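Here's the structure, in structure tokens; my notes come after.
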Amino acid sequence: MIDIDKKEVLRYLGYKDTTPDEKTEALIDLCINEICLSASPKTVYAVFELDGMQLKNTVITLEGKDIKNHLSGCSRCVLMAATLGADVERKIAQAQVCDITKALVLDACATAAIETVCDKLCDDIEKEIAPLKLTMRFSPGYGDFPLEMQKAVVLVLDAGRKIGLTLTPENIMIPRKSVTAVMGITEEKRNPKNCDTCNLKDTCTYRKEGTTCE
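The structure is reproduced here in structure tokens:
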């Protein structure tokens, strides 16, 4: 069972300083339970030596100034992929046909769930590499790190075979509630989750609304 943070679900649904009514609360609780029961979380990761921005023993070069800055000083990095599985995708799609409100809540619950899965994976990796640390996750599509890099991550991790994660020709992940990311391995904790260190701070929707993703 995935431990879905209800506060995160409310944040994804746009609740800030307000509390949903009883009917909405009940729907959220129902959807949290349905996503927990439907999810089959799977993850895969691998550690690579870095030669500049090229992953050694591969043909992959990480592109963009933002990922270069993110990995500055790192001699190794981690590529990871995670997914909730196809059943979550089907449940959201079914709700979209007959109950769009429920579909939106299910989607928010699934987003919170995949973040929980990723956080757990990062915690597990840090335990394995201790006393070294990981930077924050940096996903294709962030800043000037091209979305097309998702194809390279999925291929090098063999994510299609290992966790059932594939891509459309437009590099959209299937199942949709999935994540790919790159993390640097460092001697000290870096890239804390705050606006000052975020590459998206100038275009962030949360900042425009006076809040943060935390």
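For reference, each letter of the sequence shown is one residue, going 770 to 983 in the numbering used here.
The beta carbon of each residue, even a glycine, is placed where N, CA and C say it ideally should be.
No experiment lies behind these values; they were computed from the predicted model shown.
Residue j beta carbon less than 7 Å from that of residue i
i              : j              : result
cysteine 846   : leucine 875    : no
alanine 879    : lysine 920     : no
isoleucine 797 : alanine 882    : no
lysine 811     : threonine 852  : yes
valine 813     : isoleucine 932 : yes
threonine 830  : valine 925     : no
glycine 842    : threonine 904  : no
valine 923     : leucine 848    : no
alanine 877    : tyrosine 784   : no
lysine 902     : lysine 837     : no
Bridge partners - residue i, DSSP secondary structure assignment
i                 : result
arginine 845      : Glu818
phenylalanine 907 : Val951
lysine 902        : Thr955
leucine 824       : Leu819
lysine 811        : Thr852
threonine 830     : Gln823
Burial state of residue i (16 or more Cβ within 10 Å)
i              : result
cysteine 800   : buried
cysteine 891   : buried
arginine 930   : exposed
threonine 955  : buried
alanine 928    : buried
threonine 949  : buried
glutamate 803  : buried
valine 951     : buried
alanine 862    : exposed
isoleucine 869 : exposed
lysine 871     : buried
valine 866     : exposed
alanine 795    : exposed
Contacts around residue i, its chain only, beta-carbon distance under 8 Å, and the 5 residues preceding and following it disregarded
i             : result
aspartate 888 : none
aspartate 893 : none
serine 844    : Glu818, Leu819 and Ile954
Sequence-distant residues of its chain with Cβ nearer than 6 Å to residue i (five each side left out)
i              : result
glycine 833    : Asp913 and Phe914
serine 807     : Asp856, Val857 and Lys860
methionine 918 : Pro909
valine 825     : In the sequence as displayed, the identity of residue 825 is lysine instead of valine. Glu818, listed in sequence order.
leucine 886    : Note that residue 886 is valine in the sequence shown here, rather than leucine. Contacts found: Pro810 and Ala851.
threonine 935  : Gly929 and Ile943
Chain D contact for residue i (CB, 7 Å cutoff)
i             : result
glutamate 956 : Looking at the structure shown, chain D is missing, and only one protein chain is on hand.
Beta-carbon proximity list for residue i, same chain, < 7 Å, skipping 5 on both sides
i              : result
threonine 937  : Ile943
asparagine 940 : Leu916, Glu917, Gln919 and Lys920
aspartate 835  : Tyr911, Gly912, Asp913, Phe914 and Asn968
alanine 864    : Lys871, Ala872 and Leu875
Residue i: CB within 6 Å of a non-hydrogen atom of the ligand FMN
i              : result
methionine 918 : What this structure holds is no ligand at all, so the ligand FMN is not there to describe.
Contained alpha helix (DSSP H) runs [length at least 4] in the stretch 926 to 954, N- to C-terminal order: Complete alpha helix (DSSP H) runs here, min 4: 928 to 932.
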